[in-house]
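Beneath this line is the structure, given in structure tokens, with notes to follow.
Number of protein chains: 2
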Amino acid sequence: MSMELEQVLPGEIERRSFEIITEELKGRRFDVGQEDIIKRVIHTTADFEYADTMTFSPDAVKCALEALRDGGNTVIVTDTNMTKAGIHRTSLEKLGVEVHCYMADPDVAKTAKEQGLTRAYASMEKAARMAKETGKQVIFSVGNAPTALIAIETLMQKGEIYPALVIGVPVGFVNVVEAKERIMAAKVPYIVAKGRKGGSTVAAAILNALLYKIDNER
Amino acid sequence: MSMELEQVLPGEIERRSFEIITEELKGRRFDVGQEDIIKRVIHTTADFEYADTMTFSPDAVKCALEALRDGGNTVIVTDTNMTKAGIHRTSLEKLGVEVHCYMADPDVAKTAKEQGLTRAYASMEKAARMAKETGKQVIFSVGNAPTALIAIETLMQKGEIYPALVIGVPVGFVNVVEAKERIMAAKVPYIVAKGRKGGSTVAAAILNALLYKIDNER
């Protein structure tokens, strides 16, 4: 027990964390609407690289907030059950926004196998069909599989889906950078972490930052 | 669509990713039992810093594998539902190992509020009671809250719990480094990512690497 603990009350830990993040960002300025999203991603990862890599289409935050405020008309589709588990449930329920992850669905596994696709790709196709059938708008949250982003871009090209927002923060080594570049070149509101980094926790952090914005307005 | 995609079959993406990781580690050597854990953490984060920060007690991998092979006698306790969602279900079910996360339990929230603790702290106390009552051994997997690690260390000091393994990879800015140092100073098998970094995905990746070791033996 060589190291002393900083004495911080349980309810104060998050506030103190954001204070440290702000100090270490040394006066760096961000777009007002984007700042708390970037800081929450740093809070989730302890990785200041995201201050440089987080990239937003000009309308991204506005479109995201509008879609979330639209409650029952909006569905969040994730590419991992981890992100689904990480989104703040109470905030979602207040808005009436549902979250779906189709990755573990047997029909997705079947389609993927038959057509030689990844399950992530097939699950995004399923999301596009769901959106068509229900008329709901979709916020895609991709924190794991670059092939999910590639699927979304392909489905947009074909006119099969018009996402309200694409959160593009898959992590990894094969086609991750390229998939993010494709989404940023597409005509869609996006929030992307450029480069190889990202993850399910980053995807959840971005959604939570958006949800907390709405919570704080109330 | 400026960037060409690397053509990799769905079933080959993970293998190709590990190939890239191995290439970029440039011949760096790790302990044989630890190597695939470290590489899986890098695979999950795209962050090579973990090659330097992942730290194992000498007996950690052996103790972890023994506990997991012990199946129904072992319970994994996580500090987030995200980690719980990220552990490979089929591998767990084959072994008969259960996973519990008490973070969202109403009694944990109540105790935390009454006693001025974090919910993470109170949920680790609940885990210690569960272990006592059931006689099961516990693998703790802490990917979020340093106060969970502090709770485990305090409970060990009091003789309330003897973990089979502590995975200590919380992320953040307040007492994260200190909590990890305390676990590494305690008499317990541990796998820790030194420093501020870690997360629920890292915690899940470590458990999955261990589970896949056992899967591959069969």
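Chains A and B, in that order, are what the protein sequence lines are.
In terms of the numbering used here, the first sequence opens at residue 1 and continues consecutively.
In terms of the numbering used here, the second sequence opens at residue 1001 and continues consecutively.
Beta carbons are placed, not taken as given, at the ideal position from N, Cα and C, and that holds for glycine.
These numbers were taken from a predicted model, which means no experiment stands behind them.
8 Å Cβ shell around A:Gly143 - same chain, five flanking residues per side excluded:
By the criterion of a C-beta distance shorter than 8 Å, A:Gly143 is surrounded in its chain by Thr78, Asp79, Thr80, Met82, Thr83, Ile167, Val169, Pro170, Val171, Gly198, Gly199, Ser200, Thr201, Val202, Ala203 and Ala204, once the five residues flanking it on both sides are discounted.
Min CB distance B:Lys1213 to chain A below 9 Å
Not one chain A Cβ lies under 9 Å of B:Lys1213.
Return the first residue and the last residue of the alpha helix (DSSP H) that B:Ser1017 is part of.
For B:Ser1017, the enclosing alpha helix (DSSP H) has its first and last residue at Ile1013 to Glu1024.
Quick one, which of A:Glu125, A:Ile87, A:Asp105 and A:Thr53 has its alpha-carbon nearest A:Val97's?
Looking only at A:Glu125, A:Ile87, A:Asp105 and A:Thr53, the smallest Cα-Cα distance to A:Val97 is reached by A:Ile87.
Find the residues of chain A that neighbour B:Ile1183, judging by a C-beta separation of less than 7 Å, and give them in chain order.
Result: empty, since nearest Cβ-Cβ is about 11 Å, beyond 7 Å.
Give the interface partners of A:Ala164 over in chain B, defined as CB-CB distance under 7 Å, in chain order.
Those do not exist, as A:Ala164 stays about 22 Å from chain B at its closest Cβ, beyond 7 Å.
Candidates B:Lys1113, B:Arg1119, B:Thr1090 and B:Glu1114: which alpha carbon is nearest B:Cys1101's?
Taking only the C-alpha atoms, the option nearest B:Cys1101 is B:Arg1119.
Using 8 Å for Cβ pairs, my map puts B:Pro1146 next to B:Val1192. What's the rounded Cβ distance?
In fact, because the Cβ distance is near 12 Å, the residues do not count as touching under 8 Å.
How big is the Cα-Cα spacing for A:Glu160 and A:Ala148?
So the two alpha carbons sit approximately 15 Å from each other.
Name the DSSP beta bridge partners of B:His1088, please?
B:His1088 pairs with nothing; no bridge assigned.
Using C-beta distances below 6 Å, list every residue in its chain close to A:Leu5, excluding the 5 sequence neighbours before and after it, in chain order.
Hits under 6 Å: none found.
Let me confirm a value: A:Tyr50 is counted as buried when at least 16 other C-beta atoms fall within 10 Å, else exposed. Which label applies?
A:Tyr50 is buried by the Cβ-count criterion.
Inter-residue Cα distance where the pair is A:Pro189 and B:Val1108
Whole-angstrom Cα-Cα distance: 40 Å.
Roughly how many angstroms separate the alpha carbons of B:Ala1060 and B:Lys1194, rounded to a whole number?
The straight-line gap from Cα to Cα measures roughly 15 Å.
Considering Cα atoms alone, identify which of A:Arg218, A:Asp105 and A:Val99 is closest to A:Ala131.
Of the listed residues, the one whose Cα sits closest to A:Ala131 is A:Val99.
What span of residues does the alpha helix (DSSP H) with B:Ser1123 cover, start to end?
Element bounds for B:Ser1123: Arg1119 to Thr1134.
Three-way DSSP call (helix, strand, coil) for A:Val99 in this model
Note: A:Val99 maps to strand in three-state DSSP.
For A:Lys94 and B:Gly1135, the rounded distance between their alpha carbons
Spanning the two alpha carbons is a distance of roughly 41 Å.
Between B:Thr1044, B:Lys1026 and B:Arg1040, which lies nearest to B:Val1209 when the distance is taken from Cα to Cα?
The sequence given here has Ala at residue 1209 of chain B, not Val. For B:Ala1209, the nearest C-alpha among the options comes from B:Arg1040.
Go through its chain and collect everything with a Cβ distance to B:Ile1021's Cβ below 7 Å, but skip five positions before and after it.
If you ignore the 5 residues before and after B:Ile1021, its C-beta comes within less than 7 Å of the C-beta of Lys1039, Ile1042 and His1043, all in its own chain and listed in chain order.
Considering only residues of the same chain and omitting the five flanking positions on each side of A:Met1, which have a CB-CB separation below 6 Å?
The predicted model places A:Met1 with a pLDDT of 44, which falls under 50 and marks its position as unreliable, so this point remains unresolved.
From A:Gln7 to A:Arg196, what distance separates their C-alpha atoms?
Rounded to whole angstroms, A:Gln7 and A:Arg196 show a C-alpha spacing of 36 Å.
May I have the straight-line CA-CA distance separating A:Asp47 from B:Ala1185, to the nearest angstrom?
Between the alpha carbons of A:Asp47 and B:Ala1185 lies a gap of roughly 26 Å.
Does the beta carbon of A:Lys84 come closer than 9 Å to any beta carbon on chain B?
Contact with chain B is found for A:Lys84, since one of that chain's Cβ atoms lies less than 9 Å from the residue's Cβ.
Establish whether the CB of B:Ala1051 and some CB of chain A are separated by less than 9 Å.
With 9 Å as the cut-off, B:Ala1051 does not count as an interface residue toward chain A.
On the DSSP letters alone, give me the boundaries of the beta strand (DSSP E) that A:Ala193 sits inside.
Residues Tyr190 to Ala193.
Nearest chain B C-beta to A:Met54 closer than 9 Å, yes or no?
False, the Cβ-Cβ gap to chain B never drops below 9 Å.
Could you check what DSSP says for A:Ile206 in three-state terms: helix, strand or coil?
DSSP, reduced to helix, strand and coil, places A:Ile206 within a helical segment of the structure shown.
CA-to-CA distance, B:Gln1115 to A:Lys187, given in whole angstroms
The alpha-carbon atoms of A:Lys187 and B:Gln1115 are separated by roughly 52 Å.
Since B:Arg1007 is in the alpha helix (DSSP H), which residue starts that stretch and which ends it?
Correcting the residue identity first, residue 1007 of chain B is Gln in this sequence and not Arg. Where B:Gln1007 is concerned, there is no enclosing alpha helix (DSSP H), given that its DSSP letter is neither H nor E.
For B:Leu1207, tell me which candidate among B:Asp1215, B:Asp1105, B:Glu1153 and B:Ser1141 has the shortest Cα-Cα distance.
Nearest option by C-alpha distance: B:Ser1141.
Does any residue of chain A bring its CB to less than 9 Å from the CB of B:Ile1167?
It does not; no Cβ of chain A falls within 9 Å.
Min CB distance B:Met1001 to chain A below 9 Å
Its pLDDT being 44, under 50, B:Met1001 is placed unreliably in this model, and the value from its coordinates should be taken loosely. Contact with chain A is found for B:Met1001, since one of that chain's Cβ atoms lies less than 9 Å from the residue's Cβ.
Taking Cβ-Cβ distances shorter than 8 Å, what residues in chain B pair up with A:Glu17?
Position check: residue 17 of chain A holds Ser in this sequence, whereas Glu was assumed. The contacting residues are Gly1172, Phe1173 and Val1174.
Give the interface partners of B:Thr1078 over in chain A, defined as CB-CB distance under 7 Å, in chain order.
For B:Thr1078, none of the residues of chain A pass the 7 Å Cβ criterion, the least Cβ distance being about 11 Å.
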